[in-house]
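The structure appears right after this line, and notes come after that.
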Amino acid sequence: MDDMSVEIKALQAAPFCAGLSPEDIGGIVKVGRPVTFDPGQAMVEQGDAGDGMYIVVSGTAEVDVGGRFHKLTAGNFFGEMALFTTGKRMATVKAVEPVEALKIPAEGFQSFLLSHPAVALSMLQAIVDRLREVEQRIDAWMAS
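Residues in the sequence shown are numbered consecutively from 42, following our numbering.
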């Protein structure tokens, strides 16, 4: 991931970046650091300390939440709760194929948010959307 434009394109596809200025997206890229994972490699494991969020830049990963699985592709993100609160990871995420991702560390991102309120608002909206999605999954699971 030598080309920052690939990371910027992935961020532009991420729901929490919708409507953000190019400057805000560039700032997020600067806070983050590129990471890569081989197929089958855990990106994070349930019970690990949450220390940041990941945005998939390329490849496919799979989230396992208590035996329920779903796929993540370019522009998808996970671990957003770790940006705002300490706690353990609630899911395991593994690369299905080679994955390039941008890891946004909590410490650096919190400082960044203080001077970029549009990003904070966009993140809040994305987190509310994610909570609604989880609620719908729980409702569907309970109904089955």
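Even glycine gets a Cβ: it sits at the ideal position worked out from N, Cα and C.
Need the endpoints of the alpha helix (DSSP H) that residue i sits in, please.
{"i": "residue 61", "result": "Where residue 61 is concerned, there is no enclosing alpha helix (DSSP H), given that its DSSP letter is neither H nor E."}
{"i": "residue 185", "result": "Where residue 185 is concerned, there is no enclosing alpha helix (DSSP H), given that its DSSP letter is neither H nor E."}
Kindly indicate which three-state DSSP category residue i falls into: helix, strand or coil?
{"i": "residue 54", "result": "helix"}
Check whether the Cβ atoms of residue i and residue j sit closer than 7 Å, and answer yes or no.
{"i": "residue 113", "j": "residue 123", "result": "no"}
{"i": "residue 57", "j": "residue 140", "result": "no"}
{"i": "residue 73", "j": "residue 143", "result": "yes"}
{"i": "residue 130", "j": "residue 97", "result": "no"}
{"i": "residue 65", "j": "residue 169", "result": "no"}
{"i": "residue 134", "j": "residue 104", "result": "yes"}
{"i": "residue 61", "j": "residue 163", "result": "yes"}
{"i": "residue 167", "j": "residue 116", "result": "no"}
{"i": "residue 110", "j": "residue 94", "result": "no"}
{"i": "residue 89", "j": "residue 147", "result": "no"}
{"i": "residue 132", "j": "residue 87", "result": "yes"}
| request: List in chain order: all unbroken beta strand (DSSP E) runs of 3+ residues lying wholly within the stretch 67-155. | output: 74-78, 83-85, 93-99, 102-106, 109-113, 133-136 and 140-146
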